[in-house]
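*Asks:*
Residue numbers (my numbering): 474 to 670.
Structure follows, in structure tokens:
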């Protein structure tokens, strides 16, 4: 009797193993055979799930992005929470996720810089992910200004600054060993609390 495989679960497992291979060998140094070896399957079997490493990477970006959106949706929709507190909560979610998935973040940044110079679809996928997160900040800033919870700011510029702050925080905490994550997160909260009216 043939073994029944959960297709979606297997794709998830392949993606997770691939991230480790990308970290070890670099995106361009990784071959599909490296990924199939890591997953303990033949390349032919791997092709049943993904046609190439770009597709695996795009799947990873989409996966992370949709999980973040799901995490943020409940916060955004809760009218009992002030806009500044929502921003603080979302920043915490993003930074904790970045802390948890450091390898993926490092690959995304490294790959984005390399592929920015080439005509490749992956930077577009990364930009979509970034744009969604900026729109969340944009929406919360608009809400806060309208409800007189946040001081008057250039909303678009502040949304950009908040995202850049989170991105830089994740990158710096990945490489800095002398400051704890929790202490750094407290400092971020202090900065964001400066938006309060």
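By construction, the Cβ of each residue, glycine as well, lies at the ideal position given by its N, Cα and C atoms.
What you are looking at is a predicted structure, and each value in this text was computed from that prediction instead of being measured.
Whole angstroms are fine: how far does the CA of residue 487 sit from the CA of residue 517?
*Replies:* Cα to Cα, the separation comes out at about 14 Å.
*Asks:* Closest to residue 670 by C-alpha separation, out of 558, 497 and 538, would be which residue?
*Replies:* The shortest Cα separation from residue 670 among 558, 497 and 538 belongs to 558.
*Asks:* Is residue 556 closer than 7 Å to residue 622 when the C-beta atoms are compared?
*Replies:* Against a cut-off of 7 Å, the Cβ pair of residue 556 and residue 622 comes out as a contact.
*Asks:* Just to confirm my understanding: we take residue 520, look at its own chain, exclude 5 residues before and 5 after, and list those with CB closer than 6 Å. What are they?
*Replies:* Around residue 520: no qualifying Cβ.
*Asks:* Closest to residue 658 by CA distance: which of 668, 607, 571 and 629 is it?
*Replies:* That would be 571, whose Cα lies nearest to the Cα of residue 658.
*Asks:* Taking residue 539 as the reference, which of 602, 656, 561 and 560 has the closest Cα?
*Replies:* It is 602.
*Asks:* Using C-beta distances below 7 Å, list every residue in its chain close to residue 616, excluding the 5 sequence neighbours before and after it, in chain order.
*Replies:* Only 556 meet the Cβ criterion.
*Asks:* Closer than 7 Å by C-beta to residue 563: which residues in its own chain qualify, once you throw out the five before and the five after it? Chain order, please.
*Replies:* Excluding sequence neighbours, residue 563 sits near 545, 548 and 609.
*Asks:* State the Cα-Cα distance for the pair residue 634 and residue 665, rounded to the nearest angstrom.
*Replies:* Between residue 634 and residue 665, the C-alpha separation is close to 11 Å.
*Asks:* Under a Cβ-count criterion, where at least 16 other Cβ atoms within 10 Å of its own Cβ denotes burial, should residue 478 be classed as buried or exposed?
*Replies:* Flag for residue 478 reads exposed.
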